[in-house]
Amino acid sequence: MQAMLWEPLPGGQTVCRLCAHACRLKKGQKGQCGVRVNRNGDLTTLTGDIVTSVQLDPVEKKPLYHYLPGSMTFSVGSAGCNFHCRFCQNSQISQLVDDGIFPGRRLKAANLWQMAVRYGARSVAFTYNEPTVFFEQLFEAAGQAREHDLGVILVSNGFMSADCLQALQRRVTAANIDLKSFNDYFYREYCGGRLQPVLDNLKTIRAMGWWLEVTTLIIPGCNDSPAELQEIATFIYDELGPDTPWHVSAFHGAWRMADHPSTSLDKLEEAWKIGRNSGLRYVYMGNLPSLLGGTTFCPSCEAVVIARKGWQTQCRIRAGNCPSCGTRLAGIWK
Ligand code: SF4
Numbered sequence: 088m089q090a091m092l093w094e095p096l097p098g099g100q101t102v103c104r105l106c107a108h109a110c111r112l113k114k115g116q117k118g119q120c121g122v123r124v125n126r127n128g129d130l131t132t133l134t135g136d137i138v139t140s141v142q143l144d145p146v147e148k149k150p151l152y153h154y155l156p157g158s159m160t161f162s163v164g165s166a167g168c169n170f171h172c173r174f175c176q177n178s179q180i181s182q183l184v185d186d187g188i189f190p191g192r193r194l195k196a197a198n199l200w201q202m203a204v205r206y207g208a209r210s211v212a213f214t215y216n217e218p219t220v221f222f223e224q225l226f227e228a229a230g231q232a233r234e235h236d237l238g239v240i241l242v243s244n245g246f247m248s249a250d251c252l253q254a255l256q257r258r259v260t261a262a263n264i265d266l267k268s269f270n271d272y273f274y275r276e277y278c279g280g281r282l283q284p285v286l287d288n289l290k291t292i293r294a295m296g297w298w299l300e301v302t303t304l305i306i307p308g309c310n311d312s313p314a315e316l317q318e319i320a321t322f323i324y325d326e327l328g329p330d331t332p333w334h335v336s337a338f339h340g341a342w343r344m345a346d347h348p349s350t351s352l353d354k355l356e357e358a359w360k361i362g363r364n365s366g367l368r369y370v371y372m373g374n375l376p377s378l379l380g381g382t383t384f385c386p387s388c389e390a391v392v393i394a395r396k397g398w399q400t401q402c403r404i405r406a407g408n409c410p411s412c413g414t415r416l417a418g419i420w421k
């Protein structure tokens, strides 16, 4: 399938405009994502409408805690990624061996929204691997989902190009974007990316009006210093606003960091406190059992407005307001 968002260059080369890598490819070369290739001067996507994972999930699993709480989202993933995070939890689909064969099956965009409706989902989520790299399917399926009144969610590393974001502006309703670190060295060394494009995109997404939540996977000894966590919290507060939910999530060994120690509950609570002390109104702990780490409190009166246990939610919000004091709560509630 021919790719979208690219330009031809002299001599049969192409430049891909889909993500911030902006790969310049000679004939026969693949981009860093492993799923876009220059075929005789045309940029082609190798995945097309192939999906590797399809599942009905609670929207809280994305994680999105302030977007249609308690609803189900029809989750879809394909193959490949423009990052190569050493700690990737989905490396079997994101990091492909270079044999040109992709796991999965074809799923047309039209079938996708129909399945979502049939299973009672309120939204479609593009997730599991980086959705940017299956843009062609995402673009079409998201448009159809919106036409049929479904929400559209991106779970992304936030490294897409400005062109990609602009093309998706009216087709996406909510996003959870990773802010993996506040250190460019970490992005380059551990992920094969860069920090600045992610920061720029977070600000653009905030300005575009998608519902936005941010996730940081806390990895012991890599991105967990109080100074760095403070920088992340300050950026979210200053640039995205105090109502932006921040999910601090525990690391457990995976892929090339399978033997790395897991995040302790103490460290997660430290990150939570840094977020709250920085003025962020909604900070959540994930991937470790915690009594209150998944609870939404009213920022005015501290009443519990959403209680969560596992993926079960008990939402007490009334017409977007706290039932105790009437304060307006940030989110998309129905
Ligand atoms: S999506 Fe990104 S990594 Fe893949 S070819 Fe395009 S610019 Fe390169």
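Under the working numbering, the first residue of the sequence shown is numbered 88, with each subsequent residue one higher. Beta carbons: idealized from backbone N, C-alpha and C, even for Gly.
Going by beta carbons, Met344 and Phe174 fall inside the 7 angstroms limit. Within 6 angstroms of the C-beta of Leu105 there is at least one heavy atom belonging to ligand 1. Burial check for Leu130: the Cβ neighbour count within 10 Å reaches 16 or more, so the residue is buried.
By the C-beta criterion, the stretch 130-141 is judged not to be in contact with the stretch 346-355, since fewer than 3 inter-stretch pairs fall below 8 angstroms. The beta-bridge partner set that DSSP reports for Pro95 consists of Thr101. Per the DSSP secondary-structure output, Asp265 pairs in a beta bridge with Thr302.
Going by DSSP, Gln399 is part of the beta strand (DSSP E) stretching over Gln399 to Cys402. Annotation for Thr139: no alpha helix (DSSP H) segment contains it, and DSSP assigns it neither H nor E. In the DSSP assignment, Gln89 is bridged to Thr131.
In this structure, Gln317 is the residue among Phe226, Gln317 and Ser387 with its C-alpha nearest to the C-alpha of Trp359. For the stretch 138-223, the full-length beta strand (DSSP E) segments reaching 3 residues or more read 140-145, 159-164 and 210-213 along the chain.
Contact between Leu241 and Phe221 is absent: CB atoms are separated by about 11 angstroms, not below the 8 angstroms threshold. About 16 angstroms separates the beta carbon of Leu289 from that of Glu315, a gap too long to meet the 8 angstroms contact definition. Between the stretch 261-275 and the stretch 290-303, the count of C-beta pairs closer than 8 angstroms reaches three or more; the two stretches touch. Going by DSSP, Met344 is part of no alpha helix (DSSP H) at all; its letter is neither H nor E. Counting only the Cα atoms, Ser181 lies some 9 angstroms from Gly121. Per DSSP, the continuous beta strand (DSSP E) segment holding Met372 begins and ends at Val370 to Gly373.
The beta carbons of Gly238 and Arg258 sit about 11 angstroms from each other, so the pair does not count as a contact at 8 angstroms. Checking the 6 angstroms criterion, the Cβ of Gln119 is within range of a heavy atom belonging to ligand 1. Ala337 carries a strand assignment under DSSP once its states are collapsed to helix, strand and coil.
The beta carbons of Val138 and Val163 sit closer together than 7 angstroms. For Ser158, the closest of Cys172, Leu143, Trp200 and Gly167 by C-alpha to C-alpha distance is Leu143.
DSSP, read as helix, strand or coil, puts Thr383 in strand.
Proximity of the stretch 365-372 to the stretch 396-411 falls short of the contact definition, fewer than three beta-carbon pairs being nearer than 8 angstroms. Look at Val220: its beta carbon is less than 6 angstroms from one of the heavy atoms in ligand 1.
A distance below 8 angstroms between beta-carbons, with the five flanking residues on each side excluded, links Leu183 to the following residues of its chain, in chain order: Gly121, Val122, Ala166, Gly167 and Phe189. Only residues of its own chain outside the window of five on either side were considered, and among them Tyr324 and Pro329 have a CB closer than 6 angstroms to the CB of Gly366, listed in chain order. In the displayed model, Ala394 falls within a strand according to three-state DSSP.
Membership of Ile240 in any alpha helix (DSSP H) is not indicated; the residue belongs instead to the beta strand (DSSP E) covering Gly238 to Ser243. Distance from the C-beta of Cys110 to the nearest heavy atom of ligand 1 is below 6 angstroms.
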